[in-house]
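Chemist: There's a structure below that I have some questions on.
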Ligand SMILES: Cc1ncc(C[n+]2csc(CCOP(=O)(O)OP(=O)(O)O)c2C)c(N)n1
Ligand code: SF4
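Protein chains in written order, with our numbering: chain D, 423 to 673; chain Z, 227 to 578.
The following block contains the structure:
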């Protein structure tokens with residue numbers, strides 16, 4: 423009988439611990455498919471961050487190091503500099519990458535580290551139970567913004583792709599989403615490009631994936647996907663923010 | 227080879243690290259350790275190594291974690307305020323059982339403190355400066371030659387035990403120039419089957435991690451680490467004794483203060499006072515055996531420190547409070563003079 427659906431080889435058999443309907447699972451699968459398709463499993467090294475995806479090291483069939491909160495790009499810098507022939511990627515949430523780890527994010531981009539950053543923007547701190555994140559939308563209710571994010575009091579969300587597009591060292595920045603099949607396909611293409619860039623020595627590539635957290639948003643998985651489309655995407659427009667190697671790019 | 231050259235202590239550390247096979251250095255500028263980074267920035271590009279000035283000490287220590295997990299020798303250096311920032315990373319290195327060399331060329335504190343020499347990070351270095359139960363190997367050089375030899379030793383011990391070795395020097399040691407001989411050495415490498423080298427599709431994936439959500443497992447990990455520490459306390463303590471055979475008063479000092487103490491001892495001896503010194507070379511493990519052996523012989527101990535009395539606690543523990551232990555100290559960037567020490571010797575009953 424023909425096999426029509428298979429688990430990517432780059433995923434282990436460990437059952438994912440993510441909540442039902444959480445898009446972390448989709449993103450894991452996309453990365454694993456890309457690793458399979460590029461044939462890089464044996465030479466890939468992942469850097470897990472602190473957040474719901476902290477145990478990514480159990481899920482991917484590749485060598486992995488677990489980094490302190492926000493420090494994954496610095497750890498990845500070390501891994502890559504130690505052996506530039508390896509393919510190195512980080513997997514980080516928004517609290518990790520855009521709050522506590524902002525400096526590491528900006529400076530690894532500025533140095534044009536030849537690494538791939540997978541950035542999961544779910545507008546909330548998932549793992550710690552739903553506190554306000556640097557990406558929480560204005561007015562959005564979280565555990566630590568119970569009356570809605572008041573931008574006058576706590577400031578505005580950080581738009582990572584827009585911010586990094588001002589950093590000369592960043593080579594490729596794209597924001598994608600996984601809220602429906604068509605967007606999932608686009609997300610995979612972006613992830614593949616971010617890994618291919620590294621293989622081609624093109625330098626710092628980051629894919630921001632607008633994601634969901636049904637549990638801490640307090641909605642059903644279905645409503646969460648709708649919220650992405652209705653509320654997240656207007657604030658976080660999809661698209662390529664920088665691609666210095668594209669036609670019409672900088673280089 | 228075999229030639230003596232005049233070098234600053236900080237440069238001797240850098241050159242010795244290169245001799246020890248370290249090809250990756252990450253740092254952030256801070257006085258008084260800047261020469262380590264300056265030296266590395268000149269040398270590393272010429273020998274195919276990495277010199278990277280990171281955006282912060284936090285980033286630097288995490289870059290160290292990256293290289294260490296890939297299985298290569300790696301180091302960072304800083305001074306007190308920067309070492310405080312590195313503590314999170316040092317705790318992770320301990321939790322992942324990763325080898326690395328961290329150099330602290332101490333200055334006065336707390337806070338921004340000053341830029342003159344100090345030993346006031348003794349507690350931070352020897353009692354686990356970050357969170358969790360752990361130790362670093364702490365080596366305290368007292369000459370430029372030792373800045374070099376203990377750097378090499380530090381790399382070897384770090385690899386042997388899978389942990390951080392820290393060079394705890396003070397600003398004087400870093401800035402002082404002395405003749406030094408740094409020979410090519412045979413690099414003692416150890417197998418690192420846990421290193422992240424890519425599976426090559428030939429083995430299970432390796433994971434470098436400090437997270438254990440099951441308390442039984444985390445407890446077990448801590449127990450295992452402490453068995454390792456117990457072995458280190460048995461096997462790796464280093465110290466030097468100076469005129470201890472007939473000593474009635476025992477000075478205890480490391481780094482620059484041990485050199486001042488030697489001068490004071492010589493002067494006191496000329497007056498017929500029986501005083502000697504134990505100089506701990508490893509601050510962790512603290513050389514307890516050296517003290518056990520002298521606790522009955524001596525009538526008093528004097529801890530000579532450039533801190534408000536941090537090592538003195540270890541001295542008291544090592545002699546099980548059998549004899550009085552006095553403190554002779556200057557802080558804030560001040561160095562005790564031989565006169566300071568001599569008057570302390572008088573005070574504790576060493577006057578003839
Ligand atoms: C230094 C430090 N501060 C705080 C924490 C607690 N903490 C764990 S996960 C997390 C938030 C993670 O949120 P995010 O990066 O958005 O990822 P998500 O869980 O949403 O996937 C925080 C604050 C920590 N582990 N370490
Ligand atoms: S808490 Fe949110 S981000 Fe974390 S696994 Fe659950 S749904 Fe996903």
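Beta carbons are placed, not taken as given, at the ideal position from N, Cα and C, and that holds for glycine. As the structure is a prediction and not an experimental result, all values here were calculated from the model.
Identify every residue that forms a DSSP beta bridge with residue 567/D.
Modeler: Taking the first residue of the first chain as position 1, residue 567/D is located at position 145. Answer by DSSP bridge pairing, in chain order: 564/D.
Chemist: Is residue 663/D helix, strand or coil by DSSP?
Modeler: Position 241 of the first chain, counted from the start, is the residue given in the question as residue 663/D. Residue state, collapsed to three classes: strand.
Chemist: I need the straight-line Cα distance from residue 341/Z to residue 305/Z, nearest angstrom please.
Modeler: Counting from one through the second chain, the residue named residue 341/Z turns up at place 115. Counting from one through the second chain, the residue named residue 305/Z turns up at place 79. So the two alpha carbons sit approximately 9 Å from each other.
Chemist: Could you please give the first and the last residue of the uninterrupted beta strand (DSSP E) stretch that includes residue 638/D?
Modeler: Within the first chain, numbered from 1, the residue matching residue 638/D stands at position 216. From DSSP, residue 638/D is part of no beta strand (DSSP E) but of the alpha helix (DSSP H) over 636 to 639.
Chemist: For residue 474/D, is the beta carbon positioned less than 6 Å from some heavy atom of ligand 4?
Modeler: No copy of ligand 4 appears in this structure; the ligands present are ligand 1 and ligand 2.
Chemist: Could you say if the stretch 286 to 296 of chain Z and the stretch 487 to 496 of chain D meet the contact criterion of at least three C-beta pairs nearer than 8 Å?
Modeler: Touching, per the Cβ criterion.
Chemist: Taking 8 Å as the threshold, find out whether the stretch 575 to 593 of chain D comes into contact with the stretch 505 to 512 of chain D through three or more Cβ pairs.
Modeler: Touching, no, given that fewer than three Cβ pairs across the two stretches are closer than 8 Å.
Chemist: Who are residue 505/Z's beta bridge partners in DSSP?
Modeler: Residue mapping note: residue 505/Z aligns to position 279 of the second chain, counting from 1. 466/Z, per the DSSP bridge assignment.
Chemist: Could you say which of 614/D, 473/D and 462/D lies nearest to residue 543/D if we only look at CA atoms?
Modeler: If you number the first chain from 1, residue 543/D lands on position 121. Minimum Cα distance to residue 543/D is reached at 473/D.
Chemist: Tell me the rounded alpha-carbon separation between residue 266/Z and residue 449/D.
Modeler: The residue labelled residue 266/Z in the question sits at position 40 within the second chain. The residue labelled residue 449/D in the question sits at position 27 within the first chain. Approximately 41 Å, taken between the alpha carbons.
Chemist: Using CA coordinates, which residue listed in 271/Z, 353/Z, 456/Z and 236/Z is at the minimum distance from residue 317/Z?
Modeler: By 1-based counting over the second chain, the position of residue 317/Z is 91. Nearest of 271/Z, 353/Z, 456/Z and 236/Z to residue 317/Z, Cα basis: 353/Z.
Chemist: For the alpha helix (DSSP H) containing residue 459/D, name the first residue and the last one.
Modeler: In the first chain, counting from the first residue as 1, residue 459/D sits at position 37. Run containing residue 459/D: 446 to 460, per the alpha helix (DSSP H) assignment.
Chemist: Within this structure, are the beta carbons of residue 432/Z and residue 485/D separated by less than 7 Å?
Modeler: Position 206 of the second chain holds residue 432/Z. Position 63 of the first chain holds residue 485/D. Going by C-beta atoms, residue 432/Z is nearer than 7 Å to residue 485/D.
Chemist: Do residue 367/Z and residue 232/Z have their CB atoms nearer than 7 Å?
Modeler: Walking along the second chain from the start, residue 367/Z turns up at place 141. Walking along the second chain from the start, residue 232/Z turns up at place 6. No, Cβ-Cβ distance for residue 367/Z and residue 232/Z is not below 7 Å.
Chemist: In terms of alpha-carbon separation, which member of 339/Z, 371/Z, 321/Z and 372/Z lies closest to residue 358/Z?
Modeler: On the second chain, position 132 is the one that residue 358/Z refers to. Minimum Cα distance to residue 358/Z is reached at 321/Z.
Chemist: Under the criterion of a Cβ to heavy atom distance below 6 Å, does residue 446/D qualify as lining ligand 2?
Modeler: Residue 446/D sits at position 24 when you count from the first residue of the first chain. The answer is yes for residue 446/D.
Chemist: Write down every uninterrupted run of the beta strand (DSSP E) in the stretch 232 to 308 of chain Z whose length is 3 residues or greater and which is fully enclosed by it, in chain order.
Modeler: With a minimum length of 3 residues, the continuous beta strand (DSSP E) runs that stay inside the stretch 232 to 308 of chain Z are 250 to 253, 276 to 279 and 301 to 304.
Chemist: When the cut-off is 7 Å and only beta carbons count, does residue 433/Z lie next to chain D?
Modeler: Along the second chain, one-based indexing puts residue 433/Z at 207. Interface residue, yes.
Chemist: How many Å lie between residue 229/Z and residue 393/Z at the Cα?
Modeler: Here residue 229/Z corresponds to residue number 3 of the second chain, with the count starting at 1. Here residue 393/Z corresponds to residue number 167 of the second chain, with the count starting at 1. Each residue's Cα considered, the two are about 24 Å apart.
Chemist: Distance cutoff 7 Å, beta carbons only. Does residue 508/D sit that close to anything in chain Z?
Modeler: Along the first chain, read from residue 1 onward, the residue named residue 508/D stands at position 86. Interface residue, yes.
Chemist: Measuring only the C-alpha atoms, how far is residue 493/Z from residue 536/Z?
Modeler: Here residue 493/Z corresponds to residue number 267 of the second chain, with the count starting at 1. Here residue 536/Z corresponds to residue number 310 of the second chain, with the count starting at 1. So the two alpha carbons sit approximately 26 Å from each other.
Chemist: Express the C-alpha separation of residue 434/D and residue 489/D in angstroms, rounding to a whole number.
Modeler: For the purposes of this step, residue 489/D is taken as residue 67 along the first chain, with counting starting at 1. For the purposes of this step, residue 434/D is taken as residue 12 along the first chain, with counting starting at 1. Near 20 Å, if we compare the C-alpha coordinates of residue 434/D and residue 489/D.
Chemist: Hey, out of 386/Z, 438/Z and 398/Z, whose CA is closest to residue 415/Z's CA?
Modeler: Locating residue 415/Z in the second chain gives position 189, where the first residue counts as 1. If we check each option's Cα against that of residue 415/Z, 386/Z comes out closest.
Chemist: By how many angstroms is the C-alpha of residue 409/Z removed from the C-alpha of residue 631/D?
Modeler: Mapped onto the first chain, residue 631/D falls at position 209. Mapped onto the second chain, residue 409/Z falls at position 183. Near 53 Å, if we compare the C-alpha coordinates of residue 409/Z and residue 631/D.
Chemist: Spell out the partners DSSP gives residue 332/Z in its beta bridges.
Modeler: Working through the second chain from its first residue, we reach residue 332/Z at position 106. Paired residues: 396/Z.
Chemist: Is residue 543/D near ligand 2, judged by its Cβ being under 6 Å from some heavy atom?
Modeler: Your numbering for residue 543/D matches position 121 in the first chain. No; taking the cut-off as 6 Å, the Cβ of residue 543/D has no heavy atom of ligand 2 nearer than that.
Chemist: Using DSSP with H/G/I as helix, E/B as strand and the rest coil, what is residue 403/Z?
Modeler: What you label residue 403/Z is simply residue 177 of the second chain in a count that begins at 1. Strand at residue 403/Z.
Chemist: With distances taken Cα to Cα, identify the nearest neighbour of residue 511/Z among 470/Z, 478/Z, 460/Z and 286/Z.
Modeler: Mapped onto the second chain, residue 511/Z falls at position 285. Residue 460/Z is the option with its Cα nearest to residue 511/Z.
Chemist: Please check if any C-beta of chain Z sits within less than 7 Å of the C-beta of residue 486/D.
Modeler: Taking the first residue of the first chain as 1, we reach residue 486/D at position 64. Yes, its Cβ sits closer than 7 Å to a Cβ of chain Z.
Chemist: Exposed or buried, which one is residue 446/Z when buried takes at least 16 other CB atoms within 10 Å?
Modeler: For the purposes of this step, residue 446/Z is taken as residue 220 along the second chain, with counting starting at 1. That one is exposed.
Chemist: Show which residues of chain Z have a CB atom less than 7 Å away from the CB atom of residue 479/D.
Modeler: On the first chain, residue 479/D is found 57 positions in, with the first residue counted as 1. Those are 433 and 435, listed as they occur along chain Z.
Chemist: Along the stretch 401 to 434 of chain Z, what residues have a CB closer than 9 Å to any CB found in chain D?
Modeler: Residues passing the 9 Å Cβ filter: 421, 422, 423, 424, 425, 426, 427, 428, 430, 431, 432, 433 and 434.
Chemist: Along chain Z, which residues have their Cβ under 8 Å away from the Cβ of residue 538/D?
Modeler: Here residue 538/D is taken as the residue at index 116 of the first chain, counted from 1. Here the premise fails: no neighbours, minimum Cβ distance about 15 Å.
Chemist: Between residue 438/Z and the rest of its own chain, which residues show a CB-CB distance below 8 Å, the 5 nearest in sequence each way excluded?
Modeler: Reading the second chain from its first residue, position 212 is the one you call residue 438/Z. Contacts found: 444 and 447.
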